[in-house]
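K.L.:
Going by my numbering, the letters in the sequence shown line up with residues 89 to 539, in that order.
Built from N, CA and C at the ideal position, the CB exists for glycine as well.
I'd like to ask some things about the structure below.
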Amino acid sequence: LIASENYSSLAVQAAQGNLLTDKYAEGIPGYRFYAGCDNVDDVESEAARLACELFGAEHAYVQPHSGSDANLWAFTAIISAERQEPLMEKLGIDNPAHATKEQWDEIRKAYFGQKLLAMDYYSGGHLTHGYRQNFTSLLFDVSQYTVNKETYLLDIEEIRAQLHAVRPMIFLIGYSAYPRKINFKQMKELADEVDAVFMVDMAHFAGLVAGKVFTGEYDPVKYADVVTTTTHKTLRGPRGGIILCKEKYAKYVDKGCPAITGGPLPHVMAAKAVAFQEALKPEFKTYAQKIVDNADALASALTALGASVVSGGTDNHLLLVDCEKSYGLTGRQAESALRECSLTMNRNALPFDVNGPWYTSGIRLGTPAVTTLGMEQAEMKEIAEVINLILSNTKPTIIEKGDNKGKPSKAKYLIDEQAKTEARARVKALLERFPLYPSLTIEIVPEEYFA
Ligand code: DSN
């Protein structure tokens, strides 16, 4: 039930585990700094072509190793296009290697400290969107918008006011923990009002875009200048990232190496190509719709049992449960108690969370993986009942010594044994009905193999 995870197909896994893993391939197809890349060129070109076809993008760059890499790469490309190149032209420099030390100092100073407006971590934004402990908060002069304090939804007028006050170079929308869909046409119009580059991080919901659940004004690829994503969440590919962009940014995005990283991972690019091909099939649309239907069913069932679901529900693949409000537990206690009963999801900070990012007040639940297993709405009801059984029978322990004596612990808890036994049995029964990779025959690898 971890919202950012899924089960990739055996075809994806087989593509990722092959000889391509051994190959270096700095550069891009047809322009490599290594010999022997002919096959890698074909693999990378095909993965990029499929990504463009799947998302209707003008350009795709499939080398990023992760979503965080893709974001750093995209930021660098945008700043290069918007600041570095015009300044180099003004200084009469055609190549960074030809700049004098003084000229380079001037370029460097113009590069750092650009303004980024992005979503606050507690409202659901990602660490790479300017979180204080992330490199992006050093690279940029960061301002952040939050969800509305009453509704916990993004408020277009609040964002517009902030955009006009800040006038950022980059306006970034995207999330790891926001349970609603976003109208990207509206957001692009806001970006245009202040002449900001419009970037979307669709890491979490790329599968819903590929599977045509988020279409029209809700499809970010139509509207954003640059879109980043991971390939392994709702999209169900190998762990990795990609960048999609308008043609204007293509030549900057393609310079990920040497700008940020060295060698790409050809085996992962092969697996990405396989995943894109899978996502182009009609069955993927059915899968994507089921993810959202299941999330909605899970949110409704939890709400009916009395749990407090942040913002009252979900439009996408994830939901947040306020465990403090619903059960008097921190997110950490809820996460551990559920895990003890064989349910895996992660604790998550909620908007304006007073418990901070370690203990947190909530849990984040996602349906991509259980939907891959074949579960449907009846199973979501069962999962909701088991979650409620566990959490309503879990209590924080009381601290016995020190300054906090007599207060409830934020980490320790006790679960009623009978509830634990019942919950474990119900989870086991459920999972037995939905095995992972039923077609896989397990052969025991001889022990000598590991000697
Ligand atoms: N770790 C991912 C998530 O769980 O949302 C984001 O990087």
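Does Y340 come within less than 8 angstroms of chain D when only Cβ atoms are used?
P.N.:
The chain inventory of the structure shown lacks chain D, comprising one protein chain alone.
K.L.:
With N476 as the anchor, note down where its alpha helix (DSSP H) starts and where it stops.
P.N.:
Numbered from its first residue, the sequence shown carries residue 476 at position 388. Here the alpha helix (DSSP H) through N476 covers Q465 to L479.
K.L.:
Considering only heavy atoms of the ligand DSN, does any lie closer than 7 angstroms to the CB of G419?
P.N.:
On the sequence shown, position 331 is the one that residue 419 refers to. G419 Cβ: outside cutoff for every heavy atom of the ligand DSN.
K.L.:
Comparing alpha-carbon positions, which option in G212, R420 and L426 lies nearest A291?
P.N.:
As a working mapping, residue 291 is identified with position 203 in the sequence shown. The residue with the shortest Cα to Cα distance from A291 is G212.
K.L.:
Measuring from the CB of G325, is there a heavy atom of the ligand DSN at a distance below 7 angstroms?
P.N.:
As a first step, residue 325 is located in the sequence shown; it is residue number 237 there, counting from the start. The answer is no for G325.
K.L.:
Tell me the DSSP secondary structure of F364 in three-state form.
P.N.:
Taking the sequence shown and counting its residues from 1, one reaches residue 364 at position 276. Looking at F364 - three-state DSSP - the assignment turns out to be helix.
K.L.:
Pick helix, strand or coil for T429, following the three-state DSSP scheme.
P.N.:
For this step, residue 429 is matched to residue 341 along the sequence shown. One detail in the question is off: residue 429 reads as Cys in this sequence, not Thr. Correct three-state label for C429: coil.
K.L.:
Using only alpha-carbon positions, find the residue among T402, K498, D403 and P370 that is nearest to E423.
P.N.:
Residue 423 sits at position 335 when you count from the first residue of the sequence shown. The option with the nearest alpha carbon to E423 is K498.
K.L.:
Just to confirm my understanding: we take K500, look at its own chain, exclude 5 residues before and 5 after, and list those with CB closer than 8 angstroms. What are they?
P.N.:
Mapped onto the sequence shown, residue 500 falls at position 412. Hits under 8 angstroms: Q421, P484 and T485.
K.L.:
For a minimum of 4 consecutive residues, which ranges assigned as the alpha helix (DSSP H) are wholly contained in the stretch 158-241?
P.N.:
The stretch 158-241 contains these whole alpha helix (DSSP H) runs: 173-179, 189-199 and 224-227.
K.L.:
Rounded to whole angstroms, what's the CA-CA distance from F286 to I331? Just pull it up for me.
P.N.:
For this step, residue 286 is matched to residue 198 along the sequence shown. For this step, residue 331 is matched to residue 243 along the sequence shown. Approximately 14 angstroms, taken between the alpha carbons.
K.L.:
Assuming the contact rule is C-beta atoms closer than 8 angstroms, Q104 and V356 should be a hit. Round their C-beta distance to whole Å, please.
P.N.:
Position 16 of the sequence shown, counted from the start, is the residue given in the question as residue 104. Position 268 of the sequence shown, counted from the start, is the residue given in the question as residue 356. Going by Cβ atoms, the distance from Q104 to V356 rounds to 6 angstroms, so yes, they are a contact pair.
K.L.:
Please confirm if the stretch 379-387 is in contact with the stretch 134-145, defined as three or more CB-CB distances below 8 angstroms between the two stretches.
P.N.:
With the cut-off at 8 angstroms, the stretch 379-387 and the stretch 134-145 do not touch.
K.L.:
Here's a check: name, in chain order, each residue in its chain whose Cβ is nearer than 7 angstroms to the Cβ of T540, leaving out the five neighbours to either side.
P.N.:
The question about residue 540 has no answer here: the residues shown for the chain are numbered 89 through 539.
K.L.:
Looking at the strands, I want to know which residues DSSP matches up with T482.
P.N.:
As a position in the sequence shown, residue 482 is number 394, starting the count at 1. Answer is I503.
K.L.:
Measuring CB atoms only, is the stretch 410-419 touching the stretch 389-398, in the sense that at least three cross pairs come out at less than 8 angstroms?
P.N.:
Touching, per the Cβ criterion.
K.L.:
Would you mind working out which of Y149, T374 and P174 sits nearest P354, comparing C-alpha positions?
P.N.:
Taking the sequence shown and counting its residues from 1, the one referred to as residue 354 is at position 266. Closest by alpha carbon: Y149.
K.L.:
Assuming N94 contacts T316 (C-beta within less than 8 angstroms), just tell me the rounded distance between them.
P.N.:
Position 6 of the sequence shown, counted from the first residue, corresponds to residue 94. Position 228 of the sequence shown, counted from the first residue, corresponds to residue 316. 18 angstroms between Cβ atoms; not a contact.
K.L.:
If you measure from each CB to the nearest heavy atom of the ligand DSN and keep those under 5 angstroms, what residues do you get, in chain order?
P.N.:
The answer, residue by residue, is S92 and S264.
K.L.:
With distance defined between alpha-carbon atoms, name the residue in G400, E335 and K300 nearest to K369.
P.N.:
Residue 369 sits at position 281 when you count from the first residue of the sequence shown. Measuring from the Cα of K369, the nearest candidate turns out to be K300.
K.L.:
Hey, how far is the Cα of W446 from the Cα of L242?
P.N.:
Walking along the sequence shown from the start, residue 446 turns up at place 358. Walking along the sequence shown from the start, residue 242 turns up at place 154. The straight-line gap from Cα to Cα measures roughly 24 angstroms.
K.L.:
Can you name the residues that DSSP bridges to F259?
P.N.:
Translated into the one-based positions of the sequence shown, residue 259 becomes position 171. DSSP output for F259 lists L205 and F286 as bridge partner(s).
K.L.:
Can you list, in chain order, the residues of its chain with a C-beta nearer than 7 angstroms to that of K273? Leave out the 5 residues immediately preceding and following it.
P.N.:
Along the sequence shown, one-based indexing puts residue 273 at 185. So the list reads E305 and Y311, once near-sequence residues are dropped.
K.L.:
Identify, in the order they occur along the chain, each residue of the same chain with its Cβ nearer than 8 angstroms to the Cβ of V341, setting aside the five sequence neighbours on each side.
P.N.:
Translated into the one-based positions of the sequence shown, residue 341 becomes position 253. If we look at V341 and ignore the five residues flanking it on each side, its Cβ neighbours are H147, Y149, W161, A162, A165, V314, I331 and C333.
K.L.:
Should L179 and Q191 be called a contact, given that it needs their Cβ atoms to be closer than 8 angstroms?
P.N.:
For the purposes of this step, residue 179 is identified with residue 91 of the sequence shown, where counting begins at 1. For the purposes of this step, residue 191 is identified with residue 103 of the sequence shown, where counting begins at 1. Cβ distance < 8 angstroms, so L179 and Q191 count as in contact.
K.L.:
Just checking my contact of L407 with A383 at CB under 8 angstroms: how many whole Å lie between their CB atoms?
P.N.:
As a working note, residue 407 is residue 319 in the sequence shown. As a working note, residue 383 is residue 295 in the sequence shown. That belief holds up - the Cβ atoms of L407 and A383 are roughly 6 angstroms apart, short of 8 angstroms.
K.L.:
Taking the alpha carbon of R137 as the point to measure from, which residue in G450, A358, G462 and D381 has its own alpha carbon closest?
P.N.:
Taking the sequence shown and counting its residues from 1, one reaches residue 137 at position 49. Of G450, A358, G462 and D381, the residue nearest in Cα terms is A358.
K.L.:
Count the other C-beta atoms from every protein chain shown that fall within 10 angstroms of the C-beta of N436, then say buried if there are 16 or more, exposed otherwise.
P.N.:
Position 348 of the sequence shown, counted from the start, is the residue given in the question as residue 436. With 16 or more other Cβ atoms within 10 Å, it is buried.
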